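In our numbering, the protein residues as written are 51 to 357. Cβ coordinates follow ideal geometry from the N, Cα and C atoms, glycine included. In this text the structure is predicted, and so the values were computed from the model without any measurement. Read through the structure below, which is laid out as structure tokens, and then see the notes.
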């Protein structure tokens, strides 16, 4: 049984090695993923934040090709590059990040610490994580270039280290389920893997990449609330409402407790943020809201912000 699992993982690793590349800038090196047959490459925004137009992609055969920056989405820490190369490309296949389950095996492939084509294995540890990201607590090469609150992330115990950013997280069939973006550290000055890594889910990556390829701008869903966790109740508490925002127009108020969106339970503020970020601008969300002990339904039309 162990032999079969090993062979399976080896086959997956071999299948996707050529889809993962190195991305070098003036400041250092990260990873990337070829996702089209005509040379488009995914990576993290923080990998290319200090590129100054000087980008080089290194393929698995060690050949190097200059790359052009097509667009970036700092809010989701994603970027799309383009290489002028049409032969020998091996675009990765997108998987469904909504379908993968906690406990499923995953592989991470990238260039940690400059070691090209490194493969590590683990499981999907959790879904829907929210982190505050400041480059590869994660990126030693572009410190604090993408200080963001990233939501809806996949968590894995597959070893991820500086340099893995922008690389692939794949399922047992070799399909892309995430772009590796960050690691948690012990806080003692160590920047290495402690078994808690994060990846941007492939379903979000695909939507963002398509928008960047078309026009270089990404529309972000926006309802205009600041949220916090209630000290006594499950749900997301509205800590503030932006003037003129979709939330204000819908009637949401500071102090409201959101307990569900479109029939799905909201247990905390992170889940509310992730649910909003998972839909497209123009969508309508049905919120279950508790106000002064009374429960009501409020419908919000999602607006947009661009980056």
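Distances from the CA of residue 62 to each of 332, 137, 220, 109 were compared; the closest alpha carbon is that of 220. Minimum Cα-Cα distance from residue 99 among the listed residues 110, 80, 87 corresponds to 80. 169 is the residue among 169, 330, 210 whose C-alpha sits nearest the C-alpha of residue 224. Here the alpha carbon of residue 311 sits roughly 23 angstroms from the alpha carbon of residue 255. By the 16-neighbour rule on beta-carbons within 10 angstroms, residue 116 is exposed. Leaving aside the five residues that flank residue 140 on each side, the residues in its chain whose CB is nearer than 7 angstroms to its CB run, in chain order, 68, 69, 84.
Per DSSP, reduced to three states, the secondary structure at residue 153 is coil, with no helix or strand assignment. The Cβ atoms of residue 155 and residue 142 do not sit closer than 8 angstroms to each other. DSSP places residue 270 within a strand segment (E or B) once states are collapsed to three. Of the candidates 144, 76, 340, 144 places its Cα closest to the Cα of residue 229.
Burial state of residue 112 is exposed, judged by a 10 Å Cβ sphere holding fewer than 16 other Cβ atoms. Of 164, 161, 178, the smallest CA-CA separation from residue 151 is found for 178. In the structure shown, residue 289 falls within a strand segment according to DSSP collapsed to helix, strand and coil. Shown here, residue 66 sits in a helix according to DSSP, grouped into three states.
Residues of the same chain with a CB within less than 6 angstroms of the CB of residue 260, apart from the 5 flanking positions on each side, do not exist. DSSP places residue 320 within a helical segment (H, G or I) once states are collapsed to three. Measuring C-alpha to C-alpha distances from residue 164 to each of 247, 279, 215, 250 identifies 215 as the nearest. Per the C-alpha coordinates, the member of 339, 160, 284 positioned closest to residue 304 is 339. Of the other Cβ atoms in all chains shown, fewer than 16 fall within 10 Å of the Cβ of residue 330; this residue is therefore exposed. Between residue 210 and residue 153 the beta-carbon gap is near 18 angstroms, outside 8 angstroms, which marks them as no contact. Distances from the CA of residue 272 to each of 355, 217, 102 were compared; the closest alpha carbon is that of 355. Contact annotation: residue 334 and residue 351 have beta-carbon atoms nearer than 8 angstroms. Under the DSSP assignment, residue 251 falls outside any alpha helix (DSSP H), being part of the beta strand (DSSP E) whose first and last residues are 247-251.
The C-alpha of residue 205 lies about 5 angstroms from the C-alpha of residue 176.
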